[in-house]
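Novice: Counting from 1, one number per residue, gives the positions in the sequence shown under the working numbering.
Positions of the beta carbon are idealized from the N, C-alpha and C atoms, including for glycine.
If you're wondering where the values come from, they're calculated on a predicted model, not measured in any experiment.
Attaching a single structure in structure tokens format; questions to follow.
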Amino acid sequence: MTRRPSRFRRWLKWSGLFSCVILSLCFVISMIWSVGVCWFERAVGVSDGMFVVGWRFNPDYTTHLSLHIKPKFNGISNVSACFDGARFWRAIGNTFHDGGQNGWASGTPLVPLIVLVFLPTAVLWYVDRRSPLGHCKHCGYDLTGNESGVCPECGTELVKR
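Quick look at the structure:
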């Protein structure tokens, strides 16, 4: 009888698959839109195939959730929601401006992250694949018509169900 994969291994497989899907969606979305969240002085987002983290010095105390649509021509349209210290959210058009604050931003390309998550996940899924019905569970030899109860390829005794 073949042993069932451990719970941790199944968790790794499914979380790896979920992470690959999320990272791939982020990549596709980032090629169309720049999506980001700015919370006081910290900013996180995806843009142009990159995961971007930023920090502003001497910030305005605002929370800014933005969705920039990048058309093929020279313009960026912006749809935003901003919480500026008042007690409400407001929608902003193309008028949001941070006041040119100093800070830094660091970007990591999403493609290497996708590859780093995909490769071990693919290996886990490949190792845990099931052999087809009518094949030896040990070596995969086709046992159609075999009545001896032993695999002629590897000598493993067949389990009768």
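1. Near Gly107, what residues of its chain come up, given a Cβ to Cβ distance below 6 Å and the 5 sequence neighbours on each side ignored?
2. Indicate the three-state DSSP secondary structure (helix, strand or coil) for Thr156 in the structure shown.
3. Quick check on Arg129: does DSSP put it in helix, strand or coil?
4. So, helix, strand or coil for Thr108, using DSSP?
5. Given 8 Å as the limit, is there contact between the segment 106-125 and the segment 137-145, that is, 3 or more CB pairs closer than that?
6. Is the separation between the beta-carbon of Ser34 and that of Ser24 shorter than 8 Å?
7. Who are the near neighbours of Val150 in its chain, counting only those whose CB is closer than 8 Å to its CB and skipping five residues on each side?
8. Starting from the Cα of Val21, find the closest Cα among Val111, Pro132, Arg9, Asp128 and give me that residue.
9. Should Phe18 go down as buried or exposed, given a rule of 16 or more other Cβ atoms within 10 Å for buried?
10. From the DSSP output, in three-state form, read off Gly140 for me.
11. Pick helix, strand or coil for Gly36, following the three-state DSSP scheme.
12. Provide the residue span of the beta strand (DSSP E) that contains Ser47, from first to last.
13. Is it right to say Cys38 is buried, meaning 16 or more other beta carbons lie within 10 angstroms of its own, or is it exposed?
14. On the DSSP bridge list, what partners appear for Leu50?
15. Could you check if Leu43 is buried or exposed, using at least 16 other CB atoms within 10 Å of its CB as the buried criterion?
16. What separation, rounded to the nearest whole angstrom, lies between the Cα atoms of Gly45 and Ile114?
17. Beta carbon of Cys207, beta carbon of Glu153: below 8 Å?
Specialist: Taking the coordinates as given:
1. By 1-based counting over the sequence shown, the position of residue 107 is 107. The answer, listed in chain order, is Met50, Val52.
2. Looking up residue 156 in the sequence shown gives position 156. Looking at Thr156 - three-state DSSP - the assignment turns out to be coil, as it is neither helix nor strand.
3. For this step, residue 129 is matched to residue 129 along the sequence shown. It is coil, neither helix nor strand.
4. Taking the first residue of the sequence shown as 1, we reach residue 108 at position 108. If DSSP states are grouped into helix, strand and coil, Thr108 belongs with the strands.
5. Touching, no, given that fewer than three Cβ pairs across the two stretches are closer than 8 Å.
6. Numbered from 1 along the sequence shown, position 34 holds the residue referred to as residue 34. Numbered from 1 along the sequence shown, position 24 holds the residue referred to as residue 24. With a cutoff of 8 Å on beta-carbon distance, Ser34 and Ser24 are scored as not near each other.
7. Residue mapping note: residue 150 aligns to position 150 of the sequence shown, counting from 1. Counting only residues of its own chain and dropping the five nearest sequence neighbours on each side, Val150 has a CB closer than 8 Å to the CB of Thr156, Glu157, Leu158.
8. Working through the sequence shown from its first residue, we reach residue 21 at position 21. The shortest C-alpha separation from Val21 is found at Val111.
9. Your numbering for residue 18 matches position 18 in the sequence shown. So Phe18 counts as exposed.
10. Residue numbering aside, residue 140 sits at position 140 when the sequence shown is read from its first letter. Gly140: coil per DSSP, three-state reduction.
11. Stepping through the sequence shown from its first residue, residue 36 is reached at position 36. If DSSP states are grouped into helix, strand and coil, Gly36 belongs with the strands.
12. Locating residue 47 in the sequence shown gives position 47, counting from the first residue. It spans 42-47 - the beta strand (DSSP E) in which Ser47 sits, taken as one unbroken run.
13. As a first step, residue 38 must be located in the sequence shown, where it is residue number 38. Looking at its Cβ environment, which holds 16 or more other Cβ atoms inside 10 Å, Cys38 is buried.
14. In the sequence shown, residue 50 corresponds to position 50, counting from 1. A quick correction: the sequence has Met, not Leu, at residue 50. Paired residue(s): Ser47, Pro109.
15. Walking along the sequence shown from the start, residue 43 turns up at place 43. Looking at the sequence itself, residue 43 is Ala, so the reference to Leu does not match. Classification of Ala43: buried, given that the 10 Å Cβ count is 16 or more.
16. Counted from its first residue, the sequence shown places residue 45 at position 45. Counted from its first residue, the sequence shown places residue 114 at position 114. Looking at the two C-alpha atoms, the distance is approximately 16 Å.
17. No answer is possible for residue 207: the residues shown for the chain start at 1 and end at 161.
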